[in-house]
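Asker:
Numbering (our numbering), first residue to last: 23 to 256.
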């Protein structure tokens, strides 16, 4: 479905990604783990056209994305929920969801999606008139994910969704990611919380200083001695 083939990305003289290749298939959660500065977020930004790819190929459902502008990539069904939530803090919960559905003119579909988000995150329904900036960190992350889902994505890219959250909210996010997959939307999950991401993913890639150093199923990565030492604190 999504295929990255030997992409290279540089920031000036710094090589951020070096011959990175990965795939996300239908009905999969694929985790991309690694330390700060490994290139995880750069990989996701490359997919949606927020950083330029020097060489290599990124295709989604057979279409080449590297020469496509970000707004066109979004129309193809690729949605990035960025690190740090990036909600509109002075807008209400409902207005944030409306922004997620900006490209859609189907009012019936909007109502259907809104109901789906409120079913997934009941607290957002309770606070739909509340300004986004007054929500807790966990609630803001729910809103960021909900806003992304309002765009009817065919694939969801999540960048550090558990960052800064309490253990209880990390568990909520993990269950949400699994539910999104069960609804038929594949997920590319970037996480520093390797234990959480490897526990729910189908497959995983480990990125180190801009290169993929190993890959396998989530179970295989949890049992990998090098991964245990480097990312699981075991």
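We put the CB at the ideal spot given by N, CA and C, even for glycine.
Quick caveat: nothing in here was measured; it's all calculated off a predicted structure.
Report all residues from its chain with a CB closer than 6 Å to the CB of residue 79; omit the five preceding and five following residues, and keep chain order.
Answerer: 27
Asker: The beta strand (DSSP E) that contains residue 81, what's its start and end?
Answerer: 77-82
Asker: Quick one: what's residue 233 bridged to in DSSP?
Answerer: Answer is 230.
Asker: Starting from residue 25, trace the alpha helix (DSSP H) in both directions and tell me its first and last residue.
Answerer: Unbroken run through residue 25 is the beta strand (DSSP E), 24-33; no alpha helix (DSSP H).
Asker: Let me confirm a value: residue 169 is counted as buried when at least 16 other C-beta atoms fall within 10 Å, else exposed. Which label applies?
Answerer: It is buried - the Cβ of residue 169 has at least 16 other Cβ atoms within 10 Å.
Asker: Tell me which same chain residues have a C-beta within less than 8 Å of the C-beta of residue 58, skipping the five on either side of it?
Answerer: So the qualifying residues of the chain are 214.
Asker: Can you find the residues in the same chain that come closer than 7 Å, C-beta to C-beta, to residue 254, ignoring five residues on each side of it along the sequence?
Answerer: 216, 217
Asker: Three or more C-beta pairs under 8 Å: does that hold for the stretch 180-187 against the stretch 25-41?
Answerer: no
Asker: Name the DSSP bridge partner or partners of residue 54?
Answerer: By DSSP's assignment, residue 54 forms a beta bridge with 212, 227.
Asker: Closer than 7 Å by C-beta to residue 56: which residues in its own chain qualify, once you throw out the five before and the five after it? Chain order, please.
Answerer: Excluding positions up to five away in sequence, the list reads 62, 228, 229, 230.
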